[in-house]
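Going left to right, the sequence shown walks through residues 1 to 348 as the UniProt record's numbering numbers them. Cβ atoms here follow ideal geometry from the backbone N, Cα and C, with glycine treated the same way. Heads up, the thing below is written out as structure tokens.
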Amino acid sequence: MSVESSSNREPIGQQDCTQIPRFAGPPTFGLLPRIDQVETQHGAGSVDVKILGIPYDAGVSYRSGARFGPSHVRASSRLLRPYNQATDVFPFASQQVADCGDIGVNPFNIEEAITSIEQAADELRADGAKLLTIGGDHTIALPMLRSHARTHGKIAVLHFDAHLDTWDTYFGAPYTHGTPFRRASEEGLIDLERSMHIGIRGPLYSKKDLEDDAVLGFQIVRSDDYQFKGIENVIERMRRRLGDAPVYVSVDIDVLDPAAAPGTGTPEAGGMTSRELLNSIRGLQGLNIVGAEIVEVAPAYDHAEITGLAAAQVGYELLSVMGANAQGATGPTGPIAAHLGVTPDRAK
Ligand SMILES: N=C(N)NCCCC(=O)O
Ligand SMILES: [Zn+2]
Ligand SMILES: [Zn+2]
């Protein structure tokens, strides 16, 4: 049983796929219970991690359709099983995870949508639960960071993306999917010494994009670093930079190569493999992860659920890190720990 779990009762896990075929189950993430089912049985405040869908894509600069991301990622998450063999974690048994469904936000008014997202995040987090949000386009990172900074102070942003998303405006608009981290930095929400982008690549508008980005508080790990420096080096740099700060993990699925994630709005060639992304997340155990999001899944451009499956597995790994932390992990656990050359370390 989890040491940090808010309930003393055994968490309610996934639907039992030996009894009901997984293609017949509920449309929740990972066939997990809905929040109302858990709270009816275990009481208010008994959910440790809440899955939240934000079907919103009014902030995109190219292909639209991320508004259908939450339902697509949930549909692609039906095959997730209870035991994570890569990290030796049962993510749905070491903590109570539940699906809160989607929030409906105004698709015609970006500023109103941002305000509603911020309010929903505040309300869902008021009982101490962590959020795993499924977007939606990357605009949603701004209201999420506003909410998290209110609770935790300045946030170390760990941002997986092909793009910097620290641009200033598009067509004069300040709130878009290419600008959330500039706004967050200007608003004083992020820890300028502890934030970083992972997976950056592709053409920029100018060299100044990189100069501005550094001033706004981000260090950069390039997509190419996975090839030339190796994943151990990337994980070590991440852990050193993030330290013991409160970390918000923002995963734009376009960090993956278009071969691994075709279903996204602004694809860029030369991205990482899903294995590199999953192992990078597995390297985060023991860090103070306060919340996470997966954004930019646009199912109309997906094929055979390639992108949906990757996004669902990213969600599973994020939940596994949170689950290991709830059990007192201070560093990587299971086989990944051996690969990284560290001794598996778990308080209990
Ligand atoms: N956040 C994502 N996915 N893309 C931002 C791209 C902004 C641009 O069109 O330059
Ligand atoms: Zn991107
Ligand atoms: Zn992005």
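*asked:* Taking the straight line between their C-alpha atoms, what separation do you get for VAL38 and SER46?
replied: 7 angstroms
ask   = Regarding HIS163 and ligand 3, is the C-beta to nearest heavy atom distance less than 6 angstroms?
value = yes
Whose CA, out of ILE200, MET144, VAL97, ILE155, lies closest to the CA of ALA129? VAL97
**Request:** Could you pull out every residue in the same chain whose Cβ sits closer than 8 angstroms to the Cβ of PHE108, ignoring the five residues on either side in sequence?
**Result:** ALA58
GLU317 burial status per 10 Å Cβ neighbour count (16 or more: buried) | buried
- Express the C-alpha separation of LEU80 and HIS152 in angstroms, rounding to a whole number. 31 angstroms
Completely contained alpha helix (DSSP H) runs for the region 96-127, where each covers 4 or more residues: 110-125
Original post:
Pick from ARG78, PRO332, GLN327: whose alpha carbon is nearest that of PHE90?
Top reply: GLN327
Worksheet item: Cα-Cα, which of GLY30, GLY202, HIS197, LEU216 is closest to ILE235?
Response: HIS197
Please tell me whether SER61 has its Cβ less than 7 angstroms away from any Cβ of chain B. Here chain B cannot be found, since the structure has a single protein chain.
Give me, in chain order, the residues of the same chain whose beta-carbon lies closer than 7 angstroms to that of VAL247; leave out the 5 immediate sequence neighbours on both sides. ALA156, LEU158, LEU287, ASN288, ILE289, VAL290
- prompt: Within 10 angstroms of its Cβ, does ASN233 collect 16 or more other Cβ (buried), or is it exposed?
  reply: exposed
If we require 3 or more residues per run, which beta strand (DSSP E) segments fall completely within the region 137-186? 156-160
* Asked: Alpha carbon to alpha carbon, what distance is there between LEU145 and THR333?
  -> 28 angstroms
DSSP three-state call for ALA326: helix, strand or coil?
-> helix
- Would you say ASP252 touches ligand 3, meaning its beta carbon is less than 6 angstroms from a heavy atom? yes
| query | In terms of residues, what are the limits of the alpha helix (DSSP H) holding TYR226? | reply | 223-228
Check: Could you check where the beta strand (DSSP E) with HIS197 kicks off and where it finishes?
Finding: 195-200
Next item on the list: Taking LEU216 as the reference, give the member of ILE110, ALA44, SER195 with the closest Cα.
Entry: SER195
Practice prompt. Consider the C-beta atom of HIS138 and the heavy atoms of ligand 3; say whether any pair is separated by less than 6 angstroms.
Written response: yes
**Whole-Å CB distance - GLY65 paired with ALA300, under 8 angstroms assumed** = 4 angstroms
Reference ALA93, options THR87, VAL321, PRO82, CYS100, closest by Cα:
PRO82
Three or more beta-carbon pairs under 8 angstroms between the region 198-217 and the region 119-126, yes or no? no
message = On the criterion of 16 or more Cβ atoms from any shown chain inside 10 Å, does GLU276 qualify as buried, or is it exposed?
response = buried
- Spell out the partners DSSP gives LYS130 in its beta bridges. VAL49
May I ask you to report which of helix, strand or coil DSSP gives SER77? coil
Start-to-end residues for the alpha helix (DSSP H) that takes in ALA24:
Here ALA24 belongs to no alpha helix (DSSP H), and DSSP marks it neither H nor E.
**Three-state secondary structure assigned by DSSP to GLN313** = helix
request  = Please name the residue or residues paired with TYR248 in a DSSP beta bridge.
outcome  = VAL157, GLY291
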